[in-house]
Amino acid sequence: MRYLPLSETDRKAMLNVIGAGSVDDLFQDVPADLLNPEINLPDHKSEMEVERALNAMAAKNVAAGDAAFFLGAGAYRHHVPATVDHIIQRSEFLTSYTPYQPEIAQGTLQYLFEFQTQVALLTGMEVANASMYDGSTACAEAVLMAGRVTKRKRVVLSGALHPHYADVTRTNAELIGQTIVQPDPGVDGAEDLAGLIDDETSCVVVQTPDVFGRLHDFTKLAEAAHAKGALLIVAFTEVVSLGALKSPGEMGADIVVGEGQSIGNALNFGGPYVGLFAARKKYVRQMPGRLCGETTDAEGARGYVLTLSTREQHIRRDKATSNICTNSGLCCLAFTIHMSLLGEAGVRKLALLNHQKAVKLADALAAVPGVAVVNDAFFNEFTVRLPKPAVDVVNALADKGVIAGAPGGRVFPGAGLDDLLIVAATETNTDEDIAAYAAALKEVL
Amino acid sequence: MRYLPLSETDRKAMLNVIGAGSVDDLFQDVPADLLNPEINLPDHKSEMEVERALNAMAAKNVAAGDAAFFLGAGAYRHHVPATVDHIIQRSEFLTSYTPYQPEIAQGTLQYLFEFQTQVALLTGMEVANASMYDGSTACAEAVLMAGRVTKRKRVVLSGALHPHYADVTRTNAELIGQTIVQPDPGVDGAEDLAGLIDDETSCVVVQTPDVFGRLHDFTKLAEAAHAKGALLIVAFTEVVSLGALKSPGEMGADIVVGEGQSIGNALNFGGPYVGLFAARKKYVRQMPGRLCGETTDAEGARGYVLTLSTREQHIRRDKATSNICTNSGLCCLAFTIHMSLLGEAGVRKLALLNHQKAVKLADALAAVPGVAVVNDAFFNEFTVRLPKPAVDVVNALADKGVIAGAPGGRVFPGAGLDDLLIVAATETNTDEDIAAYAAALKEVL
Amino acid sequence: MSMNDQGRPTRGQSVDMADFAPTFTGNRGLRLKEDLIFEVGDLETTGVDVPDLDDTPSRLGGVQRADDIGLPGLSEPEAMRHFVRLSRNNYAIDMGPFTLGSCTMKHNPRLNEKMARVKGFADVHPMQPESTVQGALELIDTLAHWLKEMTGMPAVAMSPKAGAHGELCGMMAIKAAIDAKGEGATRTRVLAPESAHGTNPATAAQCGFTVDDIPADASGRVDMAAFKEKLGPDVAGIMLTNPNTCGLFEKDVREIADAVHAAGGYFYCDGANFNAIVGKARPGDLGVDAMHINLHKTFSTPHGGGGPGSGPVVLSEALAPYAPLPYVVREAETFRIVENQEGDARPFGRLTAFHGQMGMFVRALSYMMSHGADGMRQASEDAVLNANYVMARLSAEMTASYEGPTMHEALFDDRFLKDTGVETIDFAKAMIDEGYHPMTMYFPLVVHGAMLIEPTESESKRELDTFCDALLFLAREAKAGRTDRFKAAPRFAPKRRLDETAAARKPILRWEPPVEEAVAQAAE
Amino acid sequence: MSMNDQGRPTRGQSVDMADFAPTFTGNRGLRLKEDLIFEVGDLETTGVDVPDLDDTPSRLGGVQRADDIGLPGLSEPEAMRHFVRLSRNNYAIDMGPFTLGSCTMKHNPRLNEKMARVKGFADVHPMQPESTVQGALELIDTLAHWLKEMTGMPAVAMSPKAGAHGELCGMMAIKAAIDAKGEGATRTRVLAPESAHGTNPATAAQCGFTVDDIPADASGRVDMAAFKEKLGPDVAGIMLTNPNTCGLFEKDVREIADAVHAAGGYFYCDGANFNAIVGKARPGDLGVDAMHINLHKTFSTPHGGGGPGSGPVVLSEALAPYAPLPYVVREAETFRIVENQEGDARPFGRLTAFHGQMGMFVRALSYMMSHGADGMRQASEDAVLNANYVMARLSAEMTASYEGPTMHEALFDDRFLKDTGVETIDFAKAMIDEGYHPMTMYFPLVVHGAMLIEPTESESKRELDTFCDALLFLAREAKAGRTDRFKAAPRFAPKRRLDETAAARKPILRWEPPVEEAVAQAAE
Ligand SMILES: Cc1ncc(COP(=O)(O)O)c(C=O)c1O
Ligand SMILES: Cc1ncc(COP(=O)(O)O)c(C=O)c1O
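Protein sequences, first through last, are from chains A, B, C and D. Everything in the first sequence is counted per this note's numbering, starting at 2 for the first residue and increasing by one. Everything in the second sequence is counted per this note's numbering, starting at 2 for the first residue and increasing by one. Everything in the third sequence is counted per this note's numbering, starting at 11 for the first residue and increasing by one. Everything in the fourth sequence is counted per this note's numbering, starting at 11 for the first residue and increasing by one.
Here it is in structure tokens:
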């Protein structure tokens with residue numbers, strides 16, 4: 002078998018050194034009647050054969066790049082420079098472990114330090130960690146952290162928070178006795194979250210651009226929350242928006258969480274992605290996840306190490322701020338590389354280009370009879386109201402080679418939002434894609 | 002522009018240091034009336050845009066993997082392990098130059114030493130060089146080398162030598178006054194090459210498997226050539242055959258040349274490939290191309306350097322054994338990695354598998370009415386005679402998703418071999434491919 | 011052999027001070043220094059040509075960003091060089107043995123990387139219409155089938171993003187099952203061996219359970235008497251790693267499972283060490299109710315310097331109904347992704363956005379299909395053989411903590427360093443100079459100065475022999491009192507020993523512009 | 011700045027002998043030794059699972075191989091490690107400046123690599139029916155168009171495999187044109203400057219010409235008087251590199267062209283230095299008849315440690331008819347590959363099997379489209395600016411051979427090392443310790459101890475400043491008599507200085523089994 006270096010000769014020689022008669026002697030602690038079970042699976046296959054089998058499955062999917070593609074709702078299709086994928090495949094990055102031995106892991110540690118700084122700058126916060134699994138788990142961890150900071154158990158969620166983020170948060174928080182308060186989702190009118198904050202409230206969780214693509218300035222809400230001793234947690238699903246929008250930090254957020262997939266990472270049918278987590282420095286000791294910090298070596302040279310690990314499970318065990326261990330290392334690297342390539346000039350231009358594509362798309366769709374664009378303001382994603390259930394429209398358009406967006410009925414099942422369609426545009430959409438979408442939509446309505 | 006690090010600020014600062022007013026001052030030696038010509042080409046494009054343009058061209062080709070593929074005739078489709086492409090893309094291999102500074106090029110030099118040894122072992126020769134451009138140029142260089150060794154100017158080529166190899170050899174040799182003798186190509190009966198060798202003959206060039214896929218043992222021919230003081234040059238286009246066949250070295254060859262593409266390298270529409278060149282040690286100082294040799298460093302550690310460069314153009318200039326400089330470095334690496342993965346056990350099994358696929362294909366095609374298999378013996382390629390011109394058959398089959406082989410009329414234009422079709426099979430062909438070919442052939446005949 | 015011939019004899023002598031006069035750049039040959047992107051790049055430079063904007067009016071509703079973010083940009087050549095230079099300061103499996111115990115650092119096949127990048131997998135959105143993702147759902151269903159077959163368990167939850175997330179998934183399912191029995195208020199205690207990995211107690215606590223440690227017996231396994239002592243009506247279950255973190259198989263696992271079940275609790279098995287028994291024994295046969303599988307360990311998806319991982323959790327009949335959303339179901343020839351409660355399923359909730367680590371699923375299935383049933387069994391046997399070989403060879407100079415045979419890991423403690431002044435960490439850092447990544451240090455906590463070595467099946471005998479020769483040499487050096495070698499270590503790494511205490515005392519967690527700059531910026 | 015802050019001050023002191031006691035393995039941290047595959051692998055092991063054979067009877071007609079080939083096999087993990095370890099002993103553009111003059115070591119965009127691997131290009135056979143390769147032919151035709159536009163030449167031969175092969179192509183075309191005029195017997199002399207690259211005289215000789223050197227004038231350019239002296243009815247042509255190998259533009263190029271043409275000869279231009287003038291001046295306007303273009307230099311296809319390259323040759327009207335087979339023609343909407351003589355074309359023959367370096371064509375076109383006309387002109391300007399900047403800064407301590415402004419290269423000689431005992435090679439090896447690949451040494455031959463520096467446009471000012479600071483430091487060290495630093499160099503590279511003389515004296519060009527083994531094998 003190509004992956005196994007030992008030859009039969011080696012195995013015999015090694016058993017001799019060990020003083021065992023057979024390999025199964027080494028398994029003597031396993032109940033004999035359970036050893037070497039019958040396994041109903043095929044034997045090993047050549048590379049060629051495995052490739053054929055997996056390519057056959059892949060061929061049954063419609064790749065986003067082969068369609069006119071306008072789906073977002075928490076994951077966005079952006080162009081990732083070839084350099085990014087080349088670098089993350091460097092053996093030294095790809096096949097290394099968590100940097101537990103800093104002297105031979107400076108490559109990983111330095112980019113984590115750069116990543117933390119990039120995230121802090123983008124979100125307008127003081128510190129950021131070395132990543133969480135994704136935006137949704139980062140959101141849940143933020144709520145748990147707010148509970149630790151405030152010693153309170155009441156959580157207010159915006160109805161326009163991505164429902165997956167809300168569900169993950171609810172699943173985690175209710176388990177330890179926290180109560181969740183959340184208005185129904187809706188696109189008409191604004192929700193009064195300030196009014197829901199009381200003296201028991203640990204935090205209020207909001208999102209901008211929200212799940213419908215609407216934009217918000219939470220400065221007032223931050224004041225309201227702080228007035229009651231609650232924390233403001235701002236979430237986002239499209240990190241590119243931070244290139245064009247006022248940062249959550251500026252709005253007064255205490256914790257900022259979001260999805261970093263858009264930068265450096267492919268759609269991957271939902272994962273792996275990279276959760277961004279930033280906060281005010283005063284709360285750093287309550288933060289979950291790994292932190293990389295600067296230090297010096299025995300010669301006084303600058304270097305980096307994992308630090309403040311007394312917060313973490315391997316030291317603090319059941320008192321840890323989180324149970325997270327493996328995080329999104331390589332996805333952080335992809336993020337850091339792509340963001341280093343973009344830089345200030347690139348990310349701001351990219352953000353505006355995304356916005357312009359969305360504006361064009363909104364105008365094109367609005368021109369289709371029966372279609373109404375709900376948002377007056379948006380970044381690269383917005384919501385339209387259709388004359389019939391969006392799910393049917395999306396399926397009909399899929400047959401025409403258009404991936405049209407996220408139907409309200411799928412995003413918010415049973416919430417009576419079935420006529421809504423959440424639509425996204427990015428720099429990858431051509432004007433032809435946009436025209437094709439509008440034309441096809443006209444046909445199916 | 003993403004590839005250019007200098008900012009306008011940098012450029013100004015640098016011009017100051019230089020003491021030039023503008024960049025064009027630095028071009029003062031260029032005739033002013035010719036400076037900065039109008040160029041009728043588009044301006045720079047984003048990665049996305051370039052990808053779209055090139056993918057559009059690629060989409061107009063039928064990739065071999067998307068067809069039932071049976072074409073060889075000098076280039077063969079084999080499965081290359083993913084490891085190979087990963088390693089050759091390592092920055093340290095991909096973006097390094099010819100190893101002129103051995104202390105920081107040991108990576109390249111050691112694999113060249115390994116490559117030379119692998120090639121010598123496969124061909125059964127004493128020494129091999131660090132590669133030529135491809136099999137055809139290696140063949141021409143071998144003939145020039147034979148001229149230097151024997152001081153003779155008459156060259157005998159087999160009629161069954163790949164015609165491109167013959168043409169390249171003729172183009173080079175005739176230029177310096179060598180005469181070429183070559184019988185007409187044909188699949189019926191054997192050619193009497195021994196009879197063509199005289200006292201003026203520098204070398205006789207033969208191929209096995211030959212262009213029609215026939216197998217030969219040149220032991221007798223070697224004796225005949227040596228009896229007349231001529232060298233025997235054995236060529237091959239399918240290096241995998243050496244895993245199953247008696248080596249040219251065993252047959253008494255003086256120089257062995259061939260194409261190494263099959264191992265580690267993709268079809269690439271004809272290039273880049275890797276020319277293999279091996280010879281008897283006594284002729285080493287007449288060999289063309291680079292040679293890597295073992296030595297020691299100042300601490301006595303084993304290391305590798307380019308050696309015997311007094312043969313080469315940068316030292317010997319117009320007295321050099323060849324003008325070659327850049328060769329096929331990275332393709333040698335791909336070859337060396339793939340061959341290291343295969344090893345003795347792998348390459349022999351791979352060779353036999355190729356042969357078995359070809360035997361199955363031959364039987365399947367022979368069963369098609371009107372089709373006759375010409376060869377009684379072959380490796381993974383053979384020739385069939387068709388009831389109508391092979392070119393038409395091949396075109397008709399292409400429309401049915403079968404790439405059927407190389408038509409005699411294209412390989413040997415005007416030689417009256419239009420009814421012949423040269424067909425190859427490799428480990429990449431499934432039994433379904435073979436059945437599909439036979440079925441489609443029956444339909445178009 | 012020839013390795014030792016390559017000039018080393020003379021290397022010692024030939025070194026004189028001239029050899030080490032500092033360089034001007036601070037580089038040392040191919041050992042290159044590299045500053046932070048913030049010191050290399052600037053706000054104007056960019057390495058991406060974004061197509062130009064047109065005059066489409068903006069619709070940002072007044073919340074656009076006012077001032078600079080402060081992100082440096084690098085041209086593509088600068089970025090390439092920056093990250094390539096950084097990478098060269100890392101150790102990796104592709105460079106040599108990476109014997110971190112409990113981490114299963116095995117070979118990462120590049121076929122897996124190639125497959126994960128096929129556009130039909132990589133360029134597919136999790137919310138596309140089902141008709142356009144049938145192949146993706148088929149892949150998840152196929153991997154699920156392979157995982158269930160290998161573990162002998164009836165169900166599997168695919169969405170957990172790593173091992174610890176899998177633990178969360180399993181313990182949440184247990185909590186849901188307990189709540190369903192109306193025992194939520196009473197069954198609040200979870201038993202776990204002292205040797206347990208930190209994520210176990212952390213996970214239990216995150217689910218609202220209290221954790222109660224079980225001591226180990228002299229053989230390094232669960233002390234059965236103490237364990238039974240601790241059973242009771244308030245016990246929610248046990249979290250047990252098997253093979254355990256000492257690399258030993260818990261002989262009494264079936265008895266443990268039965269006892270816990272009899273007490274009305276559940277058996278959570280930490281599957282981080284599954285690599286020892288894949289194809290050799292099935293957790294399902296051992297009475298396990300839930301076990302996470304680290305695809306990034308057992309099934310070779312790359313660690314990537316700390317992730318991403320993937321931690322599917324196999325579940326028993328008892329826990330299957332509580333599996334989280336979403337999950338894939340096959341209906342005749344088509345596949346469906348269930349995102350909301352359906353039928354009599356009682357999902358405890360949702361663990362993550364979308365459907366889990368698809369990129370890792372592709373890699374893991376590529377690994378499993380490549381090995382097949384025969385190859386996976388052989389891999390486990392080789393992993394165990396390699397560990398026992400290392401244990402046997404190193405025992406000549408080092409002190410193994412427990413009686414063998416061991417499973418896939420060899421555990422040593424620091425008794426052999428007694429009175430040498432050399433500690434486990436010094437020994438580990440000296441290994442770095444020899445070209446090795448140290449084993450896991452100071453874990454598990456049950457032995458003093460632990461050194462936990464997991465070679466995995468990917469190491470050749472040749473590689474292991476050199477590795478053992480080097481460690482035996484170091485052990486002799488330590489005993490011979492050559493402490494410099496250890497205290498000064500690492501001497502040849504990109505950095506000398508780094509001060510972790512200073513780092514934690516006043517944390518510097520991000521780059522800040524040098525004061526002058528900051529002032530300048532403010533001035534603008 | 012901060013580069014110098016990173017602890018270097020203290021590094022000197024902190025070094026004591028203990029720091030350099032040899033290691034047992036011979037490794038030094040991340041500097042790893044690696045034996046030959048012949049010492050790592052064996053005849054049984056394989057890293058490829060070849061599907062099993064069946065009992066199909068063989069039809070090899072009695073010429074099957076009898077005994078072992080002797081090829082070692084490595085499992086995939088062993089092979090990965092072997093080559094990754096080897097790679098780490100190389101320097102590369104991606105690691106730092108690679109200022110080899112005449113080699114144009116510029117950034118190699120990874121977009122090019124990605125495009126070259128698209129199956130529609132990489133997995134296409136050169137002999138497929140034309141209807142199945144229209145895109146491939148379109149790509150060749152498009153690249154040809156770009157090359158003709160950038161050079162202002164009417165035709166281009168695409169098949170040459172590298173620069174030297176392109177020279178062969180151009181000189182063969184010239185030979186064919188001369189023969190066509192019936193002057194083949196008489197026009198046998200080719201003029202070439204002494205500073206010419208070795209491939210020029212070698213190529214001329216390979217075409218049956220004799221080579222006659224033209225001396226350089228005091229400015230480093232063709233001595234016009236001497237040149238005109240040498241013109242005559244037996245002159246086939248001139249081979250001139252422009253900008254020349256001293257990095258200087260041949261001011262009198264048009265006069266040279268006219269004179270050669272007047273004498274009935276042809277003007278071959280070596281285009282290796284085209285990177286200086288792309289978009290700034292067109293060879294076609296300078297009277298060139300043939301010029302090869304190194305796609306692996308000017309157009310960024312990677313050097314790959316010595317190849318593969320690609321050397322298309324642009325041709326004047328006079329030489330176009332003699333272009334070799336095959337070539338692509340566009341007919342309305344379709345493309346055709348011409349493989350045999352047609353119409354009034356007079357192809358001189360064939361240079362290689364198939365159609366040339368398609369893989370390199372894709373990369374080069376990807377580069378050209380990415381830059382566009384504006385970007386390529388800017389690139390040339392930056393290449394020239396960088397060279398002049400290096401020339402200006404280094405002239406403070408080093409001796410430039412000729413008056414500036416220079417083009418894309420800065421040429422220095424060893425006068426500044428006079429009486430220091432340090433030679434060009436020592437200076438170069440000391441650069442290795444500083445983390446740099448040396449410049450081209452001892453070429454061109456027209457200056458003593460030449461050091462030819464070509465930074466290319468890919469270097470940032472920041473990188474060039476550090477590079478210049480380091481070289482100025484070394485120059486001062488040499489003048490200050492610190493010769494150890496140079497004679498002992500390289501001190502930090504994977505190997506100390508290697509003995510090239512010994513290597514050439516008794517060449518060891520391949521691995522041979524150790525005697526015992528050989529005997530053992532024989533015994534079998
Ligand atoms: C025994 C054990 N359990 C759990 C974990 C956590 O797995 P992950 O890091 O994938 O979250 C680990 C990882 O190191 C482990 O070794
Ligand atoms: C001036 C000059 N001419 C010709 C060549 C030969 O080009 P190639 O190495 O591509 O054959 C070179 C390459 O170094 C060169 O520098």
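For each residue, glycine too, the CB sits at the ideal point set by N, CA and C.
Judged by beta-carbon spacing, G276 of chain A lies beyond the 8 Å limit of S341 of chain A, meaning their Cβ atoms are not closer than that value.
Any heavy atom of ligand 2 within less than 6 Å of a residue's beta carbon puts that residue on the list, which reads B:C326, B:T327, D:S112, D:C113, D:A172, D:G173, D:A174, D:H207, D:T209, D:T251, D:T255, D:D280, D:A282, D:N304, D:G319, D:G321. Rounded to whole angstroms, the separation of the alpha carbons of I184 of chain C and G272 of chain A is 26 Å.
Here the C-alpha atom of K505 of chain D lies approximately 8 Å from the C-alpha atom of I105 of chain B. Sequence-ordered contacts of the segment 46 to 61 of chain A with chain B read E48, M49 [C-beta pairs closer than 7 Å]. By the rule that beta-carbons nearer than 8 Å mark a contact, F309 of chain C does not touch chain A. Excluding its 5 nearest sequence neighbours in each direction, L418 of chain B has C-beta neighbours in its own chain below 6 Å: G409, listed in chain order. DSSP, reduced to helix, strand and coil, places S141 of chain C within a helical segment of the structure shown.
Shown here, I248 of chain D sits in a strand according to DSSP, grouped into three states. Residue A:H165 holds the alpha-carbon nearest to the alpha-carbon of D135 of chain A among A:L197, A:H165, A:V156. Look at H418 of chain C: its beta carbon is at least 7 Å from all of the heavy atoms in ligand 1. Interface annotation, S159 of chain B: not in contact with chain C, CB-CB separation never under 8 Å.
Using beta-carbon distances, Q90 of chain A counts as an interface residue toward chain B, with a partner under 8 Å. In this structure, H306 of chain C has its beta carbon less than 7 Å from a heavy atom of ligand 1.
Distance from F116 of chain A to F336 of chain A at the Cβ level is roughly 6 Å; contact confirmed, criterion being Cβ atoms closer than 8 Å. Think of a sphere of 7 Å around the beta carbon of P82 of chain A: the chain B residues whose beta carbon falls inside it are E48, in chain order.
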